[in-house]
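Novice:
Structural data, given as structure tokens:
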């Protein structure tokens, strides 16, 4: 019999790819259950991008006033512009308080109220009593919530003896003839050696791909590796046209300034010193949801009311909060404003612009974090052995627009859900399915091609072309002609990415090779985004098409009759498919689509 | 702008050497990391770690003109030329600016870096007063970049035995947490001629910490608790 693979193989019950919040939360569940787990991460776990989350994690603890998960659910459904699946949203909002309390028990250093409970701050789009007024729901550790959370989860995994493979990059998903997932190939960065991780259950917790844009709050490592691997393995990507532009990235630098600044009382001003959000969102004002605020800011700039010599940014004023509040609640922001914005925010406003921040779409899953694809007439057929959670997964909780704080809630709840689902699956299917013949060949061929290539395209140049194309053709405002041209252009860039060349041929910590492999993943995401965006003929959440604005008979530019559905993009032939949104929650009544005002 | 960067690829080099770069920076290249990425776009063989580019992940710690720091929050305008870049001192070089941090993390892991509380978990959060929570400020913010430990002569000499400033700061972070019940065990764990007492208050750690933390102060507090416990 021919050998299954030329690569060495290691077997684990479960493989978790990614050691950010959702990967660590899932790993904790798996390790605690006594299963063997390999957690693969391109970086030491505490360097994952969860570390950069600032403002808080949303959960209706009700520590600051009345709150409940049903209100949180309503806000999330409305925030999603009704594209979110209401079963998944109910699941998350209901599980959020317990997930946060657990984290506190793990040692998370939350800020506290005088009575000793966790402090919660207001955040965009979160309201009391179904939109009546802002609510304090964001549980935080100053403006370093992600850092505190990621370190706490890592620490708890040290306690649970989780096995980490640090600085290993997963290369490709391994599916057998039946389409079941049986593991991944991965590359050890230090040695340049590849290996097969053979698993009964495989979780992608690989985060987002915000680096497809030129201006992004995302870390360099956010290169959509999970999305690229899934797409190459024939798994569709869901709702990739929906990218969140965070209202407040530092102008010119892209570094994030938390919405918590506005939660604590900061306000946005145009060049005339006008608090313009009062015009766009009379009730929630600066705390409207992010798509609404970003669009308002971009409109102000477009109409010539931006601040600065080139009228190209908005001012985030917080000096009126006073140095005490700023130093206590927003110390990291003060540091960032000083370093990247060159302003002392206790005295002057911070120049900010909407900046690419979060991918609402991803690998299609249900709320159990099982990957689901259309098969034999069922749009949600489970792919045995395959799971996705956190930013890479699309359950879909965030629909067309995510609310602030819900990313951390998502990664805790869905990470844990993934862990639980995997434990159940492994106990019911307690043998490794055999590896298919030639497993690993695809990965080895990709690497061999990179190593052999001479006279090709530079990774840097092709990456730049991708980032500029996405920024120019698929930003906050989208135009039909620009999208059409964008599709042609991004396909050309993808073609160039077929011929990447690296000069570094070393085996040892070859970062040029890693960056080339990352770009191959990013390109899949960029094409998926542009093609999906061009096809969706409406305005919904973060997908704002200038040709579908305020048409009579269509609320907010939305076309619920034709477009209340999820996009599915397949790499093969750039094919698009669609599936219905699940408007039916688990236990409560459905929130029917209606006009969206804040 | 002129740079001298210590290069070493064990695949091809007998020993480390300095390579000079003279590159034109763009106005948007404000931080040292921007400059390094500019260099890497010309010479892709230069190896370094980087991720968040905002000083919170701790990846791009290196020795910059003789002092440890993070490339992503070091302004190029404030650097003297030629900018001399070396990997963090005292740890084995894997390649170029990338060091093997195994010993650093072993020390971190050695202090049982998690809250220990054996009481049954309550239904709600464990209560903690704002004053008690304040005790954790200046401790929990550590990003494990290793700037401090690799600037400490005591850690250079005994990286296998001395916990080092980062690990000790973490040790005190758990001692100071009112939810933790293992203070005595934690002190026992450090009561050793090397693990804690190799700190000679040289204070390099305080000088280099990119987050403005003070491991020396935390170490002093642990020593104080040891003394109190002994009498």
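Residue numbers (this note's numbering), protein chains in the order written: chain A, 1 to 598; chain B, 1001 to 1231. Backbone N, C-alpha and C fix where the C-beta goes; we use that ideal spot for every residue, glycine too. Since we're looking at a predicted model, the values are computed, not measured.
(1) Closer than 7 Å, Cβ to any Cβ of chain A: which residues of the region 1094-1123 of chain B, in chain order?
(2) Pull the bridge partners of residue 1069 of chain B from the DSSP assignment, please.
(3) Quick one: which residues of the region 333-344 of chain A get their C-beta closer than 8 Å to a C-beta of chain B? List them in chain order.
(4) Look at the alpha carbon of residue 452 of chain A and the alpha carbon of residue 390 of chain A, and state the distance between them as a whole number of angstroms.
(5) So, does the region 492-504 of chain A touch the region 139-155 of chain A, judging by three or more C-beta pairs under 8 Å?
(6) According to DSSP, is residue 577 of chain A part of a helix, a strand, or is it coil?
(7) List the whole-angstrom C-beta distance separating residue 1126 of chain B from residue 104 of chain A, where the pair is believed to meet the contact cut-off of C-beta under 8 Å.
(8) What is the residue span of the alpha helix (DSSP H) that residue 406 of chain A lies within?
(9) Look at the alpha carbon of residue 562 of chain A and the alpha carbon of residue 1101 of chain B, and state the distance between them as a whole number of angstroms.
(10) Nearest-angstrom Cα distance between residue 502 of chain A and residue 189 of chain A?
(11) Applying the 10 Å Cβ sphere with the 16-neighbour rule, what's the burial state of residue 545 of chain A?
(12) Once you ignore the five residues that flank residue 102 of chain A on each side, which residues in its own chain have a CB closer than 6 Å to its CB?
(13) Quick one: what's got a C-beta closer than 6 Å to residue 1179 of chain B's C-beta in the same chain, skipping five residues either side?
(14) Since I believe residue 53 of chain A is in contact with residue 125 of chain A (beta carbons under 8 Å), could you give me their beta-carbon distance rounded to a whole number of angstroms?
(15) On the three-pair Cβ rule with 8 Å, is the region 579-598 of chain A touching the region 83-94 of chain A?
(16) Under the rule that 16 or more other beta-carbon atoms within 10 Å means buried, what is residue 594 of chain A, buried or exposed?
(17) Can you tell me whether residue 1086 of chain B is buried or exposed, with buried defined as 16 or more other CB within 10 angstroms of its CB?
(18) Give a yes or no on whether the minimum CB-CB distance between residue 1076 of chain B and chain A is below 7 Å.
(19) Does the region 377-397 of chain A come into contact with the region 350-366 of chain A, if we say contact requires no fewer than three beta-carbon pairs (one atom in each stretch) closer than 8 Å?
(20) Considering only C-alpha positions, which residue in the set A:430, A:128, A:489 and A:396 is nearest to residue 583 of chain A?
(21) Can you tell me whether DSSP reads residue 90 of chain A as helix, strand or coil?
(22) When the Cβ atoms of the region 417-433 of chain A are set against those of the region 273-293 of chain A, are three or more pairs found closer than 8 Å?
(23) Does DSSP put residue 1215 of chain B in a helix, a strand or coil?
(24) Could you give the C-beta distance for residue 1186 of chain B and residue 1112 of chain B, rounded to a whole number, given that I count them as a contact under 8 Å?
(25) Is the CB of residue 17 of chain A under 7 Å away from at least one CB in chain B?
(26) Do residue 367 of chain A and residue 176 of chain A have their C-beta atoms within less than 7 Å of each other?
(27) Per the DSSP calculation, residue 297 of chain A is bridged to which residue(s)?
(28) Does DSSP classify residue 39 of chain A as helix, strand or coil?
(29) Express the C-alpha separation of residue 48 of chain A and residue 547 of chain A in angstroms, rounding to a whole number.
(30) My assumption, with CB atoms under 8 Å, is that residue 500 of chain A sits in contact with residue 516 of chain A. Please give the rounded CB distance.
(31) What distance in whole Å lies between the Cβ atoms of residue 478 of chain A and residue 533 of chain A, which are believed to be in contact at a cut-off of 8 Å?
(32) If you pair each beta-carbon of the region 158-168 of chain A with each one of the region 323-342 of chain A, do three or more pairs fall below 8 Å?
(33) Residue 1128 of chain B touches chain A at which residues, Cβ-Cβ below 7 Å?
(34) Find the nearest neighbour of residue 1211 of chain B within the set B:1171, B:1034 and B:1054, judged by alpha-carbon distance.
(35) According to DSSP, is residue 449 of chain A helix, strand or coil?
(36) Is there a Cβ from chain A that is less than 7 Å from the Cβ of residue 1047 of chain B?
Specialist: Short version:
(1) 1094, 1095, 1098, 1109, 1113, 1114, 1115 and 1121
(2) B:1062
(3) 335, 336, 339 and 340
(4) 36 Å
(5) no
(6) strand
(7) 6 Å
(8) 406-428
(9) 55 Å
(10) 16 Å
(11) buried
(12) none
(13) 1115, 1117 and 1126
(14) Not really, about 17 Å apart at Cβ, beyond 8 Å.
(15) yes
(16) exposed
(17) buried
(18) no
(19) yes
(20) A:396
(21) helix
(22) no
(23) helix
(24) 7 Å
(25) no
(26) no
(27) In DSSP, residue 297 of chain A forms no bridge with anything.
(28) strand
(29) 38 Å
(30) 5 Å
(31) 6 Å
(32) no
(33) 112 and 116
(34) B:1054
(35) helix
(36) yes
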